[in-house]
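Chemist:
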Amino acid sequence: MKIATFNVNGINGRLPILLRWLKESKPNIVCLQELKAPQDKFPEEAIEKAGYHAIWYGQPRWNGVAILSRGAEPVETARALPGDPKDDQSRYIEAAIDGILVACLYLPNGNPAPGPKFDYKLKWFERLTAHAKDLLESGAPVVLAGDFNVMPTELDVYAPERWEDDALFRPEVREAFANLRDQGWTDAIRKLHPKERIYTFWKYWRNAFQRDAGLRIDHFLLSPALAKRLKAAGVDRDARSWEKSSDHAPVWIQLKD
16 MKIATFNVNG INGRLPILLR WLKESKPNIV CLQELKAPQD KFPEEAIEKA GYHAIWYGQP
76 RWNGVAILSR GAEPVETARA LPGDPKDDQS RYIEAAIDGI LVACLYLPNG NPAPGPKFDY
136 KLKWFERLTA HAKDLLESGA PVVLAGDFNV MPTELDVYAP ERWEDDALFR PEVREAFANL
196 RDQGWTDAIR KLHPKERIYT FWKYWRNAFQ RDAGLRIDHF LLSPALAKRL KAAGVDRDAR
256 SWEKSSDHAP VWIQLKD
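According to my numbering, the sequence shown holds residues 16 to 272 in order.
1) Are the CB atoms of Ala52 and Gly73 within a distance shorter than 7 Å?
2) Between which two residues does the beta strand (DSSP E) containing Phe21 stretch?
3) Where does the unbroken alpha helix (DSSP H) through Tyr135 begin, and where does it stop?
4) In whole angstroms, what is the alpha-carbon distance linking Tyr219 and Asn24?
5) Does the beta-carbon of Asp162 have 16 or more other beta-carbons within 10 angstroms, so that it is buried, or is it exposed?
6) Rounded to whole angstroms, what is the Cα-Cα separation between Asn22 and Leu34?
7) Can you name, in chain order, every residue of its own chain whose Cβ lies under 7 Å from the Cβ of Pro58, other than the five neighbours on each side?
8) So for Leu275, helix, strand or coil by DSSP?
9) According to the neighbour-count rule (16 or more other Cβ atoms, all chains shown, within 10 Å of its Cβ), is Ser256 buried or exposed?
10) Are any of the Cβ atoms in chain D nearer than 7 Å to that of Leu30?
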């Protein structure tokens, strides 16, 4: 089984990119972030023609998450992260698919830091950590996938000294990620590529992609049951080089059946 995560940075504007990648990569399950589309503007028909069922949680202009599945239909289990009923940002969706619980998330950016946006990010991380603990304790095979907006270590950023005060790399955020992971989750990329410099995001300016000045901010965290099945993991870098592509590249894992 192949599971992927892809911050599409606008699903309608980059629909040709998404459809091309789906056709070439053929993942079984896909988590999408930054749809930047209201609920009624999700391109459901095009996704269905590509062979995928879909559930999504849209929002005008910003945010938005979706889960696609080729084969078994996703059974939605959550449409928002628990812990704050007043939080109306579309950043989390969860579904049961073919025996796996798939959590698709888009963690807040948090800049500028310090400030209200950074505080919201840390609180969101706390809520995610609490919910993730409940998911782990359920004993179900679970994957947390998406854009976490954090570089966990210096290996995950091209120039660490330039990012020390950024909300994606501040010590509080890295500590929050470590606390989440240390509940018992496996960072899939680092499990199979412990010392390799791997990036999933490159800014549009200053030829960042050409210079490979990137960040690893899109992650897969696997529960113990799924970590045992992990066979391969990687990044589809070529998709980032396509014309009018997202500034993120798709990230994927392969699980033993």
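Positions of the beta carbon are idealized from the N, C-alpha and C atoms, including for glycine. Keep in mind the model is a prediction, meaning the values are calculated, not measured.
Modeler: Once the coordinates are examined:
1) If you number the sequence shown from 1, residue 73 lands on position 58. If you number the sequence shown from 1, residue 52 lands on position 37. One thing to note: Gly73 has its Cβ within 7 Å of the Cβ of Ala52.
2) Against the sequence shown, residue 21 aligns to sequence position 6. Here the beta strand (DSSP E) through Phe21 covers 17-22.
3) Mapped onto the sequence shown, residue 135 falls at position 120. Per DSSP, the continuous alpha helix (DSSP H) segment holding Tyr135 begins and ends at 131-153.
4) For the purposes of this step, residue 219 is taken as residue 204 along the sequence shown, with counting starting at 1. For the purposes of this step, residue 24 is taken as residue 9 along the sequence shown, with counting starting at 1. In a straight line, the C-alpha of Tyr219 is about 12 Å away from that of Asn24.
5) Along the sequence shown, one-based indexing puts residue 162 at 147. Burial call: buried.
6) Along the sequence shown, read from residue 1 onward, the residue named residue 22 stands at position 7. Along the sequence shown, read from residue 1 onward, the residue named residue 34 stands at position 19. Straight through space, the alpha carbons of Leu34 and Asn22 are spaced by roughly 14 Å.
7) By one-based count along the sequence shown, residue 58 stands at place 43. If we look at Pro58 and ignore the five residues flanking it on each side, its Cβ neighbours are Ile26, Asn27, Leu30.
8) Only positions 16 to 272 of the chain appear in the structure, and residue 275 is not among them; the question remains open.
9) As a working mapping, residue 256 is identified with position 241 in the sequence shown. Classification for Ser256: exposed.
10) This model lacks chain D altogether; it includes just one protein chain.
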